[in-house]
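Visitor: Structure below; questions to follow.
There are 2 protein chains.
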Amino acid sequence: MNAAATLDIATLTALAEPNRLRIVELLRDGPRAVGDVAERLAMRQPQASKHLKVLAEAGLVSVRPHAQSRVYQLESGPFRNLETWLDTFSTVWDARLDALEHYLGTIREPKESGDA
Amino acid sequence: MNAAATLDIATLTALAEPNRLRIVELLRDGPRAVGDVAERLAMRQPQASKHLKVLAEAGLVSVRPHAQSRVYQLESGPFRNLETWLDTFSTVWDARLDALEHYLGTIREPKESGDA
DNA sequence: CGCGACTATTCGTATAGGCGTATATTCGTG
DNA sequence: CACGAATATACGCCTATACGAATAGTCGCG
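Protein chains in written order, with numbering that gives the first Met the number 0: chain A, 0 to 115; chain B, 0 to 115.
Structure follows, in structure tokens:
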């Protein structure tokens, strides 16, 4: 039911690559064609294409053909989803100290009472 | 200066691993010892230790010794930082269509005035 | 239609990193 | 101080994947 809290790992694996992260940050300033991305980030065209493909498969970017060029732009979905996932941690920071104390208290107890 | 907008890639690489992501989501419910993590996530103790080490080096978790056990808990810093980074994209979605139109218009131009 | 510009794909190579097994280390206890 | 429990580290193996070079595909244009 809470599908909103289920983060797609592909979003993170796509972002967790330096060059791809740079691409995303470049695209933040606006859409770009493949060659444009390659030139600005000083990488070769095939690498740009491959990384953009990975980003596209993760849904982070979309493509729009324009003559021979292909213009890539960011898609909000995965970013919003990631933000939603991050929000599930917001409540943790408040209860953090309390939870630690509590856990240290129960660490002696065997493992009983299956929680969730 | 604006270090807040500079996302540490280590945060993403640490999270972009299924088992580590599961660890983080488990720790969201509260701190856990290594063996506890290993048992709940059905992984072996060394793997749990290694993954927790990576998470710790990325600053996502902190350790607190308790007898022979070591209790790991989430640290808010990287999560907040990631959230701040995500916020830099919020303004993009609004200007998205506009930016695409604009880029398609300038795609013919060689390279207009090197930006920042 | 053939050519040039732009992009995607394929192939081989190198390396990062995850896993399992074994072992070292540390701490509390009697 | 010896022992057991809990954790960390070391080693070898194996897969995923990023890179470079070469090539194939696609589109507009004359």
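For every residue, glycine included, the Cβ atom is placed at its ideal position computed from N, Cα and C.
The model shown is predicted, which means the values in this text are computed figures rather than measured ones.
Of the residues that make up the region 6-24 of chain B, which ones have a beta carbon closer than 7 Å to any beta carbon in chain A?
Guide: Ile8, Leu11, Thr12, Leu14, Ala15, Pro17 and Leu20
Visitor: Tell me which residue opens and which closes the alpha helix (DSSP H) that Pro64 (chain B) is part of.
Guide: Per DSSP, Pro64 (chain B) belongs to no alpha helix (DSSP H); it is in the beta strand (DSSP E), Val60 to His65.
Visitor: Tell me where the beta strand (DSSP E) around Arg69 (chain A) begins and ends.
Guide: Ser68 to Leu73
Visitor: Pair every Cβ in the region 40-52 of chain B with every Cβ in the region 55-74 of chain A, then say whether three or more of these pairs are closer than 8 Å.
Guide: At 8 Å Cβ cutoff, the stretches do not touch.
Visitor: What would DSSP say about Arg31 (chain B), mapped onto helix, strand or coil?
Guide: strand
Visitor: Is there a Cβ of chain B sitting closer than 8 Å to that of Glu56 (chain A), yes or no?
Guide: Closer than 8 Å: no.
Visitor: Can you give me the Cβ contacts of Pro30 (chain A) inside the same chain, cut-off strictly under 7 Å, excluding the 5 residues immediately before and after it?
Guide: Val70, Tyr71 and Gln72
Visitor: Measure from the alpha carbon of Asp7 (chain A) to the alpha carbon of each residue in A:Leu25, A:Val36, A:Arg79 and A:Val91, then state which is nearest.
Guide: A:Arg79
Visitor: Considering Thr5 (chain A), what are the terminal residues of the alpha helix (DSSP H) in which it resides?
Guide: Taken as a continuous stretch (DSSP letters only), Thr5 (chain A) belongs to no alpha helix (DSSP H), as it is neither H nor E.
Visitor: Helix, strand or coil, according to DSSP, for Asp55 (chain A) in the structure here?
Guide: The sequence given here has Ala at residue 55 (chain A), not Asp. DSSP places Ala55 (chain A) in helix when its eight states are reduced to three.
Visitor: Does the beta carbon of Val62 (chain B) sit closer than 8 Å to a beta carbon anywhere in chain A?
Guide: Not one chain A Cβ lies under 8 Å of Val62 (chain B).
Visitor: Who are the near neighbours of Gly34 (chain A) in its chain, counting only those whose CB is closer than 7 Å to its CB and skipping five residues on each side?
Guide: Gln44
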